[in-house]
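This is how it looks when you write it as structure tokens:
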């Protein structure tokens, strides 16, 4: 094997890490494995392929694969990033799974993890941990973002040489849809009383001020790209009002999503809605549909002068109803913290974690001591 191609073999199991220069050469075998796994849209090749292509132009990209009896059972991409913590006092090399933290290239893969069949998960993670620990490319810690508890548990069980650190925790926010939710009044009765009152109040105010509320889905890629562009204008205007730039200020982010819309609209994987009150566009919503789940990726809402007019709540209400009417089983707002507006619509679900696993080393011990000193210092000056 080459310098960057460690391989470990245990009975019928073989794992390897190779440097990837042309990510689309991986497409066929990734698709083949996809068909055997239960995963979100963000681990399909339709998302991970464009991401890998973007990242490979900005840093070294590696692919881990595990095979059993010559059949692929697990895959994931790896990058290495230099990370600073504690005001730059601590510097580490992070081995990142399906992610690269350069702000222009980090497309935030929600529900991240290894692409693996559930029945093979434990031995695949064992193979993965053995490979990265034997790898002759240096790293200090393994970082994974937006992963569910079972994946953390699997790593912890099979590799006790790594120390688990939880960076942050978000919650799932999703609604399980019923056919009757396709009718707005039936859907409103699903929400808690305070939300019902605000929705009805806002609907009435919009209809009085601007006219009837309607929703329209893009029916072709050209219209979808127009909706995406219009959404960007509303999104940016709202973020500038709050003193920040917003997602559309990152041109690589914009180009990345335009590529996905162009490529995948014809395959039924793209949702783009415009919500109007009378003739005014009050909201745009963009998401992905996979395995009958709508993953809502981005939004843009009009700025309104009256607080009673809530374009975000009303836009989501109509989008939820449209998804239910089209037979979609789940409306997923994507993970967020407890302060999110998403709790207006639903209660929080399972926890989603941002974690890093440190090697047991003098460096990790020193960082642990410095963290304790930093906490004590902060307490003493407050």
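In the numbering used here, the protein residues as written are 512 to 893.
Glycine included, each C-beta is placed from N, C-alpha and C at the ideal position.
Neighbourhood of residue i by C-beta, 6 Å cutoff - its chain only, sequence neighbours within 5 removed
i: residue 801; result: 552
i: residue 525; result: 578
i: residue 691; result: 697
i: residue 531; result: 572, 574
i: residue 838; result: none
i: residue 542; result: 556
i: residue 821; result: 713
i: residue 595; result: 602
i: residue 747; result: 757, 759
i: residue 559; result: none
i: residue 567; result: 534
i: residue 680; result: 862, 864
Reduced DSSP secondary structure (H/G/I, E/B, other) of residue i
i: residue 683; result: strand
i: residue 847; result: strand
i: residue 710; result: helix
i: residue 654; result: strand
i: residue 604; result: strand
i: residue 816; result: coil
i: residue 595; result: strand
i: residue 514; result: Any reading at residue 514 is ruled out, since the residue's pLDDT is 40, under 50, leaving its predicted position unreliable.
i: residue 784; result: strand
i: residue 839; result: coil
i: residue 871; result: coil
i: residue 778; result: helix
i: residue 523; result: coil
i: residue 611; result: coil
i: residue 588; result: strand
i: residue 852; result: helix
Residues near residue i in its chain [Cβ-Cβ closer than 8 Å; skip 5 each side]
i: residue 776; result: 729, 731, 732, 735
i: residue 859; result: 682, 683, 684, 849
i: residue 738; result: 729, 783, 784, 785, 795, 797
i: residue 712; result: 819
i: residue 707; result: 699, 700
i: residue 565; result: 616, 618, 763, 767
i: residue 514; result: Note on residue 514: pLDDT 40, under 50, position unreliable in the model; the coordinate value appears next. Cβ neighbours of residue 514 beyond the five flanking positions: 647.
i: residue 861; result: 659, 660, 682, 683
i: residue 778; result: 557
i: residue 773; result: 732, 736
Residue range of the unbroken alpha helix (DSSP H) whose run includes residue i
i: residue 644; result: 632–645
i: residue 666; result: 660–669
i: residue 830; result: 822–836
Contacts around residue i, its chain only, beta-carbon distance under 7 Å, and the 5 residues preceding and following it disregarded
i: residue 693; result: 832, 835, 836
i: residue 667; result: 675
i: residue 523; result: 579, 580
i: residue 604; result: 591, 593, 649, 650, 651
i: residue 628; result: 547, 548, 584
i: residue 815; result: 822
i: residue 640; result: 666, 669, 670
i: residue 750; result: 756, 757
i: residue 544; result: 583, 586, 626
i: residue 538; result: 556, 560
i: residue 867; result: 605, 652, 653, 654, 676, 678
Beta-carbon separation (whole angstroms), residue i vs residue j, contact threshold 8 Å
i: residue 609; j: residue 623; result: 5 Å
i: residue 865; j: residue 678; result: 4 Å
i: residue 665; j: residue 636; result: 4 Å
i: residue 662; j: residue 845; result: 17 Å between Cβ atoms; not a contact.
i: residue 534; j: residue 771; result: With a Cβ gap of about 15 Å, residue 534 and residue 771 do not count as contacting.
i: residue 591; j: residue 606; result: 6 Å
i: residue 626; j: residue 842; result: Not a contact, Cβ separation roughly 24 Å.
i: residue 710; j: residue 702; result: 7 Å
i: residue 793; j: residue 787; result: 7 Å
i: residue 812; j: residue 745; result: 6 Å
beta-carbon residue i near the ligand ZN non-hydrogen atom, thresh 7 Å
i: residue 524; result: Inclusion of the ligand ZN in the displayed structure is not the case, the ligand content being empty and no account of it being possible.
Span of the beta strand (DSSP E), counted from its first residue to its last, around residue i
i: residue 621; result: Run containing residue 621: none; DSSP gives neither H nor E here.
i: residue 648; result: Segment: none, residue 648 is in no beta strand (DSSP E) and carries neither H nor E.
i: residue 792; result: 791–801
Worksheet item: Going along the chain, which unbroken runs of the beta strand (DSSP E) with 3 or more residues stay wholly within the segment 528–582?
Response: 572–579
Discussion item. My parser needs the alpha helix (DSSP H) runs of 4 or more residues fully inside the segment 682–769; what are they?
Written reply: 695–699, 704–720, 732–752
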